[in-house]
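Residue numbers (our numbering), protein chains in the order written: chain G, 5 to 302; chain C, 5 to 302.
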C-alpha cells in the first residue's frame, strides 16, 4: 500500500517506499523542483529553451518547466525540436499538438535544411557513424538556435540513467575529460556564445520518468531510435540495468560518486574555448567538429 | 604466429599482438619492471616483504621480485603468508616448498594464534561477513608484521583486473574515498607506522598473470576461495569480464582513467591518521576496525 495514503501503489522506489499514483506524481515533481533549486538551474528573468523530441524525457521536462513557469512567473520557456530525418522514427506531430494545446512556442529545425542531408542520407551516402554525427550536429544546432533565440539556458531531458551511462562510458573508454562537461548544469554561465545546459530530471530515473509520462497521459511514443540499438551506450545501459536489478541504488551511487569529483574534473580539464576558423562557432579545436564533417560532406 | 620470432603463439594481447611462450615471458617481466621503475616502487636499500598466499598472483610477484633482487642486488625480499584457516582452501605446503627451494625467508602467521579463531570459526560462531572480516584482519596483520619485520614496503599480487574491480566497486557503492587508497603504490612512505603497499603486477591482467604462472610451472592451485563466489566483487568481476570480451581494453581504460584522477582523490580525501585508543595501531577512527571486531568476539 502507498506509504502516505494507503491506497493502491503504482511503484516501489529504490528506498523500498511504495507510492500511489497521486503521491508518486507529487514525489516526482518535488524531486525535480528540489534539483532545480539546489543547483540553481533557473534564475529570475531566465529565458529557457527546452530541447524536445517526442520522447518521454523531453516532454516531461517541458511540462514540468511549463507548469513551474505558469505558477511562479519568474522565467519564460519555449521549445526547440530538431528533426534529424530518421524514417519511421522521428515524428513531431504529437509534439506540435501538445505545444499548441499548452500554448508553448515551438521552433522546429531540421538536418536537411541545415546540412543539406537528412541523417538517413548522411549515413547512407558518407558511411558516418550515426550516433556520433547526430550528436555533433544536434549539439551544434541546439547551441546555435539557443543563441539566435536569445535563450539564457537550454534545458534537456537527461535523466539519472542517462547520466550514469555517460559517466561509466567515459570511464570505460578512458575519456574522463568529457565527463567534466556532465552534471546537472554545464557550460559557461554568462558567456554569450553558449547557453548553459540544465537537466531538471537529473536525479529521476528512466523508470520514474516513463511512469510519470504514462500517468500524465502525455502523447508520446516509446519507440527507440533504430540507430541506437547496438551502440556502446546501449551495451553500457544493459550492463547497468542488469546490475541495478541485483543491486538497487547502483545508478544513484554512480551519480553521487561522480558529483563528488566533478568540481575536481572541471578544474583539471578547464577548456580554453576559442572560435572555429571556418564558422566562428565556439570550439576547443582550431576547426569545430561540425566544419570537419561538413568538409567531408563536400 | 608470434609477432617477434614467428613461432607458435600462446596468447593474443589486447593490442592484437600474438606472442610465443618465450616472447610472452619476456613481455610480462618487462612490463612488471617498467611499472616498478615508473612508479618508483622499489628504492635502493629497501627491505621488501611480499604478502603471499599460494595463488598465481602472489607467487608470480614473489618470483619476479626474487629474480630482480638476485640480479640487481639493491634490495632484499622476504615473504609473509597469512593462514586464515579456511578448510579445503588455504594450504601453504607448495608455498613452503617453493620458498625453501628458492632460499626465500617465509614467515607464516595465522588467524587462530592472532585472534583466537580461524576464519571458518569466526563466521560460524559470530556470523561475520567473511570477506569484510577477513580483509580487516589480513590488512591489520600485514601492516603489523611488516613493521615487526622492519620492512620498508609491502608488495602484494594485485593485478589490473583486481584494480579495475576495486575502482568500479567503489564507484557503484558511492565509496570514492576508499579509491584514494588505490594505485600502484599506496600509503605513506617514510611513516614508520605503515609499510607502503606496492603492486608490481599493476598493469598486467589476470589472464596474463595466470598464463605466466602456468608457463613458469609454479606450484600453484587455481581454486577460488569458497567465501568469494557470490560477493559484490564477484558480481563486478563478472560484469567487467563480460564487457571486456565485447570491448577489449575496457579494464585498461578504467585503470588509466582512474590514474588521471588519483592525485585529485588523494588530495581531496587526505586522511588524518591517528592511533587506535585500544591497540595503538594506526587508524583514521577513534577505535580501529580490528578492535571493534575483537570486542564483538569477546
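Yeah, the Cβ is synthetic: ideal placement off N, Cα and C, and Gly gets one too.
Just so you know, these numbers come straight off a predicted model, no measurement behind them.
Segment contact: the stretch 143-152 of chain C against the stretch 104-118 of chain C, three or more CB-CB distances shorter than 8 Å; contact assigned.
Under the three-state reduction of DSSP, residue 200 of chain G is assigned to coil, being neither helix nor strand. With contacts defined as CB atoms closer than 7 Å, residue 52 of chain G and residue 79 of chain G qualify as a contacting pair. Secondary structure in the stretch 78-158 of chain G: the beta strand (DSSP E) runs of 3 residues or longer, each lying completely within the stretch, are 80-87, 110-114 in chain order. For residue 224 of chain G, no beta strand (DSSP E) run applies, since DSSP gives it neither H nor E. Between residue 87 of chain C and residue 161 of chain C, the gap from beta carbon to beta carbon reaches 7 Å or more.
Any Cβ of chain G closer than 7 Å to the Cβ of residue 254 of chain C would place that residue at the interface, and such an atom is present. Within chain C, 261, 264, 265 have C-beta atoms less than 8 Å from the C-beta of residue 180 of chain G, given in sequence order.
DSSP, reduced to helix, strand and coil, places residue 52 of chain C within a strand of the structure shown. Counting other Cβ atoms within 10 Å of its Cβ, residue 9 of chain C stays below 16 and is therefore classed as exposed.
Using a Cβ-Cβ cut-off of 7 Å, residue 257 of chain G counts as an interface residue toward chain C, since at least one Cβ of chain C sits closer than that to its own. The continuous alpha helix (DSSP H) containing residue 181 of chain G extends over residues 180-183.
Residue 281 of chain C sits close to residue 290 of chain C, with the two beta carbons spaced by under 7 Å. DSSP places residue 24 of chain C within a strand segment (E or B) once states are collapsed to three. Excluding its 5 nearest sequence neighbours in each direction, residue 68 of chain G has C-beta neighbours in its own chain below 7 Å: 33, 36, 204, listed in chain order. Residue nearest to residue 201 of chain C within the set C:159, C:104, C:152 is C:159 (criterion: CA-CA distance). Taking each of C:286, C:66, C:249, C:294 in turn and checking the Cα distance to residue 109 of chain C, the smallest one comes out for C:66.
Residue 107 of chain G and residue 246 of chain G have their C-alpha atoms roughly 41 Å apart. Going by DSSP, residue 13 of chain C is part of the beta strand (DSSP E) stretching over 13-16.
DSSP links residue 279 of chain G through a beta bridge to G:286. Rounded to whole angstroms, the separation of the alpha carbons of residue 206 of chain G and residue 167 of chain C is 30 Å. For residue 257 of chain G, the number of other beta carbons within 10 angstroms of its own is at least 16, and it is reported as buried. For residue 206 of chain C, none of the residues of chain G pass the 8 Å Cβ criterion, the least Cβ distance being about 16 Å. Distance from the Cα of residue 299 of chain C is smallest, within the candidate group C:30, C:45, C:132, C:272, for C:132.
Assigned with DSSP and collapsed to three states, residue 190 of chain G falls in strand. Proximity of residue 241 of chain G to chain C, defined by a Cβ-Cβ separation below 7 Å, is not satisfied. Contact check for residue 209 of chain G and residue 64 of chain G: beta-carbon distance about 12 Å, past the 8 Å limit, so the pair fails to qualify. Among the residues facing chain C, residue 268 of chain G is included, as its CB has a counterpart in that chain under 7 Å away. Contact with chain C is absent for residue 8 of chain G, since none of that chain's Cβ atoms lies less than 7 Å from the residue's Cβ. For residue 156 of chain G, the number of other beta carbons within 10 angstroms of its own is at least 16, and it is reported as buried.
Secondary structure at residue 174 of chain G: helix, using DSSP grouped into helix, strand and coil.
Ranked by Cα distance from residue 104 of chain C, the first of C:271, C:284, C:223 is C:223.
When Cβ-Cβ separations below 7 Å define contact, residue 177 of chain C makes contact with chain G.
Under a 10 Å Cβ-count criterion, residue 287 of chain G is classified as buried, with 16 or more other Cβ atoms of the shown protein chains found around its own Cβ.
The distance from the Cβ of residue 261 of chain C to that of residue 273 of chain G is about 12 Å, inconsistent with a contact at the 8 Å cut-off. Here residue 234 of chain G is exposed, its C-beta having fewer than 16 other C-beta atoms within 10 Å.
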